[in-house]
Structure formats: C-alpha cells, structure tokens
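Q: Take this structure, written in structure tokens, and hold onto it; I'll ask about it next.
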Amino acid sequence: MSAAIETIRFENVSKFYGEVLGVNRITLTLSPGITTLVGPNGSGKTTLMNLMTGLVQPSRGKISVLGLEPSNATEFFCNVGYCAQFDSFPRGLTGFQFVLDSLMLFGMSEEDAHALAVEALERVQLDAAAAHRNIAGYSKGMRQKIRLAQAIAHHPRVLVLDEPLNGLDPMARAESLALFQELGRQGMHVVISSHILDEVDRVSDRVVLITGGYLIAQGNIHEVRQEVRDKPMQLLIRCDKPDLLASKMFAVNHCVEARLHADGAGIFLRTGDVDQFYKILNEIAIEGAVKIEAVAPFDDNANAIYQYLIGSDGSAV
Amino acid sequence: MTDLIRTVQQQPWSLWWIQFRRFARIEIRRNLITKRAWWIYFLAFVPAVIIFIHLIVDRHQPSSMTEDTNILAGIVQLYYVRLGVFFGCLGIFSRLIRGEMIERSLHYYLLSPVRREVILLAKFFAGSVSAVVLFGVALTFDFVLMYIGYGGAGQDFMLHGAGPGQFEAYLLIMVLACLGYGSLFLMLSLMFRNPMPGALLLWGWEAINPVMPSLLQKFSVASYLRHLMPVSVPAEGIFALLTVETEPVAAWVAVIGLLALIAVVLIYCCIRMRRLEIRYTTD
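So the sequences go chain by chain: A and B. Residue numbering for the first sequence is 726 to 1042, as defined by the numbering used here. Residue numbering for the second sequence is 335 to 617, as defined by the numbering used here.
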C-alpha cells in the first residue's frame, strides 16, 4: 500500500480570500494518529481543515486525503468525517433525525442507518431522550456532542474536529478525549484544533503549529520541543531537599531559574543546556546528598512550545 | 462503507438516484410546511380568498361565466405569473442554497457523500414540488370557487365543458412558471449574496419583455407562458403594456423553449455549485 493512500498530504498549498491570506505554502504530511493544530485565532487552522475537506478550494497547491480528493465526494466523504465549528443545524430536526438523515444520504438501508445513528449517539453519550428532542432546545455541550456523533456515525477513517471541546463540561471533555484516543489507537487519522491545549496535548501524537497562515513547526511534540533548544527547558524534579538541589544547580551557569513547587516536595528548574543538566543531576544523585524521586520535562507540551514559537501578537519569533 | 464505494464504482447512477430521492425527501419535509413561509401561502391563496368573498357577498347578483373566465385568465396571467408565483418562487428557491448559507447549515450537505450536482438538482426538485403543490392547490381553489356559484351550469363547465382544458392549461402554466422562475432564482442565489436586487431587475425585465424584439423575448419566462394561455386577457389601460400581442408560437415550441432555458440555467447552477465555497463569515 503506497504512503499516499495512508496519509493526508498538503503540497505547497496556499489559500487567499481575495487579498486576505488564509494559509501560505503549506507542505505537510500527516500519518494516522492524533494530530493537533495549534495556533492563535485567525492563524489558519480552520482554513486548513476546510481545505482538507473541500469546503474551500486551494488557490494553489494540491491536497489529498488517503489519496482521495473532495471532488470525488462519494468516496471521499465515506472516509472523512468533519465536525466543523459552526454551531448551527438544519432547522426543525431532532438530534436523532439529524444523524439519521446524514446517514441516509450514504445510500444505506433505513435499518442500517438507524443502527449506526444509535451507536454514534451512544459513543458520544447523548441519552436517547435528549436525542429525540429538537436540536433548537439543546445546550451548547449537547450541540457539540450531536455534531460529533454526526461526524463519526459512518465510521470514517479520517476525523477532522474543529474546536471539538468547546462548550463541553470537564467530564464531557474527558469522555471526548478518551474517544479520540480510542479512535487514534484504532489507526484512524484524528485531526484536532483546540484552544484547550493542556488537555488535547495529552492525547496528541504530533502537533502542527501555524500562525499568520504559515506553518511554524510540526512533528512529535518532544521533537518539536527539541527544535526550540535556544529556549531554556523547564524541568520538575521531585526530591526530598529541593533547597539544597537548587543551590547546587545554581553553581553551574546553565541554570537560569529555580522555583519551589507549591507542595515543597519538588523544584522547577530552567536550564539552557539540558544534557549538561542531566549529567550534573546524576552526580548529585550519586553523592547522595539529595534523594531524587522523579525528573520530568515541564514545558514539553504544546502550550509551552506555542508560547515559545509564537509571540503574543501572533507573530513568529 | 466499502459496499457504498463498490456500488458507486459499479453503478454510480443508481446510487445518485437513491441519494437524489432521499435528499429531495428531506428537503420537501423541511420546505413544504413551515411557519416562515406564511407570506408565500398568502401570495398563493389571496385570489382564492377574494373570489370566496365575492362568492358570499355577490351571491344574489352573479356575473356572466364568460366574464369570470376572463377574470380567471387575468388572475393567472397578471397576478400569478407576474406576482404570486414570481415572488413565491423567489422565497422558496433563493432559500434553498443562500438561505442555508445564512443559517450556516449548508456545510452539512457539502460534507455528505453526495455529488454537488445531485444536491443542487435534488434541492431544485424539492423546491419545485413545494411550489407546484402550493400554487397548484391555490389554482384549484380559484377555479372551483370561480364556477361553483353557477350551480349545475358551473359544474358542467368544470367537468365537461371548456373548463377541464382551461384548467389543465393553467396548471401547465403554473408548473412551468415554478420551474422557470425557480431555476432563475436558484441561479441568482448562487451568484449573489443578496438575490433581491437581481430578482427586482428580472421582474422589470419580465414586465418590459413583451415590447422587446422577438429575439430578446426568448429570454423571458413570461413570454413563453403567454403563448400557453387558453384565454386571452383583454388589454385595457396600463395592462395593455403587460399583454402586448406578439407573433403566435405553437404551444409545444413554447414548452420546449422554456424547458431548454431551464436546462441551460440548471447546468450553469451545477457549475457554480461545484465551485461553491463555504465562507459563512462573508455571507
């Protein structure tokens, strides 16, 4: 099986809305798993998703999803589900009718469509009574769930989710993230854009950082962090004597900041040379003066990388 | 979903036909009875209400059947074709695509595994069914109410006389008017964010078209329909402008000419639909 039919590919893709830049010269290949699009408002995340699903056409370049193009609607949308961020629905439908109508357009029998609709509503944990009420009376969280149900109901291989956690309460967010993780594990492509980076970050296999319509970085979150080596890395060290550890670490010049953890049983250290840091930490551990329980990177996440790579005004640094 | 893909590879037309029927069914369910369309029901049924009031009030002074036949012809030609069906179709057909863009729900259909041409044609079909049912029922009421006051003579006219032929001709005019104006308003809604100025220009064009050269008359829905009228409306006063007699054209030529015009407009609509982008923020 060729790589093209297993990946989502953007080849030098640009999109202009008249004079306004949507995205520019995006070249990107996404493999199966969970990909998070990260960027400020107006950075081009939604444009990228709309391009991927054919809602807008590229001004330049080529996009293929599993080797398919949106112009081939039947095959394409059997494989792709898109939960867009538009919080609106066709008028006068119940949640169940909305999902059922969508499935009926696949040409399947009414029984099959009914079974898939019930299954999708169960997966997003929308109860049957709510599903048979008019969508107009739904809360924001319920509307988000019904959109998600509609996007996954036909078992697509690619699921594109634009801000899927908006409006969900913490419990529903956790359930949705668990669902995304499960879908990712099943070998699906799950492409997510979200502002709730801390939560999405935990389930992502890779991040794509964009700002001002330009691709800034992409890849595994740890690899991307390594690309930002000029920024001091922050680590959390759990130990019995954080004060002593801080004083020892400040004796070397690559440690630029130290901050005690709120519970007093750990310390955040910021270092400009992580390799040297680990070497010295090992020496301290061998000395036995400080009992080290755990060491973990603390800014090895999409939120921190986002802050490092993208300035407060949304410009690349 | 692999079954579906196999079907589309082997028999695309059968799948498109299934999708067309299901899409049309969804659209008709949503379009035919809706509170928002009250003003279209009003446009359709206002002549029936007026005829009914006359029937009650003028019960003891009936006018002649010939006069009422002319009045009914006037209602069809001057009211329905130029006003009722025109603006009714504007409301129904411009909502099919543009209305969904305003309500931000069109993307659900564009993200379905249905070719955009099938979506457009199914929507057009659903709009046509809605319009034809509405105006067809209204016309039936008009026809029955117009002659029912004449008792046995009226019944005889409606069932055995010239009535059935006239009714069929009016019904054909209604169907063609709905299809013709419907296709044009669908096109305008695909071309412009606000189809209303274009629709008003079209209204003006339809009004002045009878005095245009015969070549330009081919680009008018009303001019084709005029040739299908079973009863000529006497031209008096300002109505003379709207009822200019042009060179006679055979009914089949008028029907085929109008169907050809509709086909050309729909092909153009399909091309626009393929290029349509969802940018709700600018709509």
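All residues carry an ideal CB built from backbone N, CA and C; glycine is no exception.
(1) For Q345 of chain B, tell me which candidate among A:T799, A:K787 and A:P765 has the shortest Cα-Cα distance.
(2) Just tell me which of B:S557, B:P547 and B:K457 has its CA closest to the CA of C603 of chain B.
(3) Compute the Euclidean distance between the alpha carbons of A854 of chain A and T772 of chain A, then round it to the nearest angstrom.
(4) Less than 9 Å between CB atoms is the rule here; does P447 of chain B satisfy it with respect to chain A?
(5) Tell me which residues of the stretch 735-753 of chain A have at least one Cβ-Cβ distance to chain B shorter than 8 Å, keeping chain order.
(6) So, with DSSP's three-state summary, where would you put A1041 of chain A?
(7) Are Y558 of chain B and F469 of chain B touching if we call contact CB-CB under 9 Å?
(8) Q1032 of chain A bridges to which residues according to DSSP?
(9) Leaving out five residues before and five after W537 of chain B in sequence, what residues of the same chain have Cβ atoms less than 7 Å from its Cβ?
(10) Under a three-way DSSP split, which group does P1022 of chain A fall into?
(11) Which residues in chain A sit within 8 Å of F357 of chain B, going by Cβ to Cβ distance?
(12) Going by C-alpha distance, which of A:P783, A:L793 and A:T778 is nearest Y807 of chain A?
(13) Is the CB-CB distance between Y1045 of chain A and V748 of chain A below 9 Å?
(14) Of all Cβ atoms in chain A, is any one closer than 9 Å to the Cβ of Y442 of chain B?
(15) Quick check on DSSP: helix, strand or coil for R613 of chain B?
(16) Chain B partners of N859 of chain A, CB-CB under 7 Å?
(17) Cα separation between K973 of chain A and I935 of chain A?
(18) Kindly indicate which three-state DSSP category M726 of chain A falls into: helix, strand or coil?
(19) In whole angstroms, what is the alpha-carbon distance linking E502 of chain B and F905 of chain A?
(20) Name the two residues that bound the continuous beta strand (DSSP E) containing M958 of chain A.
(21) Are at least three pairs of beta-carbons, each pair with one atom in the stretch 819-836 of chain A and one in the stretch 784-792 of chain A, less than 8 Å apart?
(22) Against chain B, does Q875 of chain A count as a neighbour if the rule is that its beta carbon must be under 9 Å from one of theirs?
(23) Considering only the beta carbon of each residue, do K740 of chain A and S768 of chain A sit closer than 9 Å?
(24) Can you tell me whether P529 of chain B is buried or exposed, with buried defined as 16 or more other CB within 10 angstroms of its CB?
(25) Identify the continuous alpha helix (DSSP H) that holds T368 of chain B and give its terminal residues.
(26) Which whole-angstrom value is the C-beta distance of K1016 of chain A and C964 of chain A, which I expect to be below 8 Å?
(27) I'd like the span of the alpha helix (DSSP H) that includes G938 of chain A, first residue to last.
(28) When you compare the CB positions of R588 of chain B and R416 of chain B, do they come within less than 9 Å of one another, or not?
(29) Whole angstroms are fine: how far does the CA of L455 of chain B sit from the CA of I590 of chain B?
(30) Run through the DSSP bridge pairs and tell me what C808 of chain A is partnered with.
(31) Are the Cβ atoms of V849 of chain A and L886 of chain A separated by less than 9 Å?
(32) Taking DSSP as the reference, what is the three-state secondary structure of L830 of chain A?
(33) Contact criterion: CB-CB distance below 9 Å. Does G779 of chain A meet it with respect to chain B?
(34) Take the Cβ of G991 of chain A as the centre, count every other Cβ of all protein chains shown within 10 Å, and call the residue buried at 16 or more, exposed below.
A: Let me lay it out:
(1) On the second sequence, residue 345 of chain B is found 11 positions in, with the first residue counted as 1. Ranking A:T799, A:K787 and A:P765 by Cα distance to Q345 of chain B puts A:T799 first.
(2) Along the second sequence, one-based indexing puts residue 603 of chain B at 269. Ranking B:S557, B:P547 and B:K457 by Cα distance to C603 of chain B puts B:K457 first.
(3) Numbered from 1 along the first sequence, position 129 holds the residue referred to as residue 854 of chain A. Numbered from 1 along the first sequence, position 47 holds the residue referred to as residue 772 of chain A. The straight-line gap from Cα to Cα measures roughly 36 Å.
(4) By 1-based counting over the second sequence, the position of residue 447 of chain B is 113. Yes, P447 of chain B counts as interfacial toward chain A.
(5) Taking 8 Å as the Cβ-Cβ cut-off against chain B, the residues of the stretch 735-753 of chain A that qualify are Y742.
(6) In the first sequence, the residue the question calls residue 1041 of chain A occupies position 316. Since pLDDT at A1041 of chain A reaches only 37, below the 50 mark, its modelled position is unreliable, and the value read off the structure follows with that caveat. Looking at A1041 of chain A - three-state DSSP - the assignment turns out to be strand.
(7) Here residue 558 of chain B refers to the residue found at position 224 when the second sequence is read from its first residue. Here residue 469 of chain B refers to the residue found at position 135 when the second sequence is read from its first residue. No. Outside cutoff.
(8) Walking along the first sequence from the start, residue 1032 of chain A turns up at place 307. Partner(s): none; Q1032 of chain A has no beta bridge.
(9) As a position in the second sequence, residue 537 of chain B is number 203, starting the count at 1. In chain order, F420 place their CB closer than 7 Å to the CB of W537 of chain B, counting only its own chain and leaving out the 5 sequence neighbours on each side.
(10) By 1-based counting over the first sequence, the position of residue 1022 of chain A is 297. Here P1022 of chain A sits in strand by DSSP.
(11) Here residue 357 of chain B corresponds to residue number 23 of the second sequence, with the count starting at 1. Per Cβ cutoff of 8 Å: L830.
(12) Counted from its first residue, the first sequence places residue 807 of chain A at position 82. The option with the nearest alpha carbon to Y807 of chain A is A:T778.
(13) Any property of residue 1045 of chain A remains undetermined from this structure, which presents chain A solely from 726 to 1042.
(14) For the purposes of this step, residue 442 of chain B is taken as the residue at position 108 of the second sequence. Yes - at least one Cβ of chain A is within 9 Å of the one on Y442 of chain B.
(15) Your numbering for residue 613 of chain B matches position 279 in the second sequence. R613 of chain B falls in the coil class under three-state DSSP.
(16) Position 134 of the first sequence holds residue 859 of chain A. What N859 of chain A touches in chain B: nothing, since even the nearest Cβ is about 13 Å away.
(17) Translated into positions along the first sequence, residue 973 of chain A becomes position 248. Translated into positions along the first sequence, residue 935 of chain A becomes position 210. Cα to Cα, K973 of chain A sits roughly 39 Å from I935 of chain A.
(18) Here residue 726 of chain A is taken as the residue at index 1 of the first sequence, counted from 1. Low per-residue confidence applies at M726 of chain A: pLDDT is 49, beneath 50, and the placement is therefore not dependable, though the value from the model is reported in the following sentence. The three-state secondary structure of M726 of chain A, taken from DSSP, is coil.
(19) Here residue 502 of chain B corresponds to residue number 168 of the second sequence, with the count starting at 1. Here residue 905 of chain A corresponds to residue number 180 of the first sequence, with the count starting at 1. Note on geometry: alpha-carbon atoms of E502 of chain B and F905 of chain A lie some 60 Å from one another.
(20) Within the first sequence, residue 958 of chain A is the residue found at index 233, counting from 1. Counting along the chain, the beta strand (DSSP E) containing M958 of chain A begins and ends at M958 to C964.
(21) In short, these stretches do not touch, since the Cβ pair count stays below three.
(22) What you label residue 875 of chain A is simply residue 150 of the first sequence in a count that begins at 1. Yes, contact with chain B.
(23) Working through the first sequence from its first residue, we reach residue 740 of chain A at position 15. Working through the first sequence from its first residue, we reach residue 768 of chain A at position 43. No, these two residues do not count as a Cβ contact at 9 Å.
(24) If you number the second sequence from 1, residue 529 of chain B lands on position 195. Flag for P529 of chain B reads buried.
(25) As a working mapping, residue 368 of chain B is identified with position 34 in the second sequence. Neither: T368 of chain B is in no alpha helix (DSSP H) and is coded neither H nor E.
(26) Against the first sequence, residue 1016 of chain A aligns to sequence position 291. Against the first sequence, residue 964 of chain A aligns to sequence position 239. Contact between K1016 of chain A and C964 of chain A holds: CB atoms are separated by about 6 Å, below the 8 Å threshold.
(27) Walking along the first sequence from the start, residue 938 of chain A turns up at place 213. Segment: none, G938 of chain A is in no alpha helix (DSSP H) and carries neither H nor E.
(28) Position 254 of the second sequence holds residue 588 of chain B. Position 82 of the second sequence holds residue 416 of chain B. One point to set straight first is that residue 588 of chain B is Ala, not Arg, in the sequence displayed. Not in contact: A588 of chain B and R416 of chain B (Cβ atoms no closer than 9 Å).
(29) Counted from its first residue, the second sequence places residue 590 of chain B at position 256. Counted from its first residue, the second sequence places residue 455 of chain B at position 121. A straight line joining the alpha-carbon of I590 of chain B with that of L455 of chain B spans about 19 Å.
(30) Here the question's residue 808 of chain A lines up with position 83 in the first sequence. Looking at the DSSP assignment, C808 of chain A forms a beta bridge with A:L886.
(31) As a working note, residue 849 of chain A is residue 124 in the first sequence. As a working note, residue 886 of chain A is residue 161 in the first sequence. Taking 9 Å as the Cβ cut-off, V849 of chain A and L886 of chain A do not qualify as a contacting pair.
(32) By one-based count along the first sequence, residue 830 of chain A stands at place 105. Three-state result, L830 of chain A: coil.
(33) Taking the first sequence and counting its residues from 1, one reaches residue 779 of chain A at position 54. It does: the Cβ of G779 of chain A has a partner Cβ on chain B nearer than 9 Å.
(34) If you number the first sequence from 1, residue 991 of chain A lands on position 266. It counts as buried.
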